[in-house]
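S.K.:
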């Protein structure tokens with residue numbers, strides 16, 4: 665969750681509200697109940713992108729475990745006799761669903 669601070673209207677100055685992503689069906693549900701629905705799309709601009717210019721070596725966890733992240737990789741891993749796979753049962757329902 666991110667905190668969204670409302671500015672511009674006197675009744676919202678200094679008050680904070682949680683910014684939550686909700687589904688389209690939930691929006692429809694609120695509309696049917698007569699609620700006012702406001703949609704916003706927030707995207708980062710080039711000035712806000714702080715990842716530009718960063719490298720893997722700058723990540724703290726990489727610095728803590730240099731033996732796991734060598735500077736020069738010898739190449740691709742060797743071919744394995746058995747490729748990894750998960751056999752699916754046709755028509756079977758997923759084990760878990762995100763709701």
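Numbering (the working numbering), first residue to last: 665 to 763.
Backbone N, C-alpha and C define an ideal beta-carbon position, used for all residues, glycine too.
Bear in mind that the values here come from a model prediction, so they are computed numbers and not experimental data.
Put residue 750 into one of helix, strand or coil per three-state DSSP.
M.R.: Correct three-state label for residue 750: coil.
S.K.: I think residue 733 touches residue 746, with their Cβ atoms under 8 Å apart; what is that distance to the nearest whole Å?
M.R.: No, residue 733 and residue 746 are not in contact; Cβ-Cβ is about 27 Å, not under 8 Å.
S.K.: Measure the C-alpha to C-alpha separation of residue 696 and residue 690 and round it to an integer number of angstroms.
M.R.: Looking at the two C-alpha atoms, the distance is approximately 10 Å.
S.K.: Could you pull the start and end residues of the alpha helix (DSSP H) that residue 768 belongs to?
M.R.: Nothing can be reported for residue 768, as the shown portion of the chain is limited to 665 through 763.
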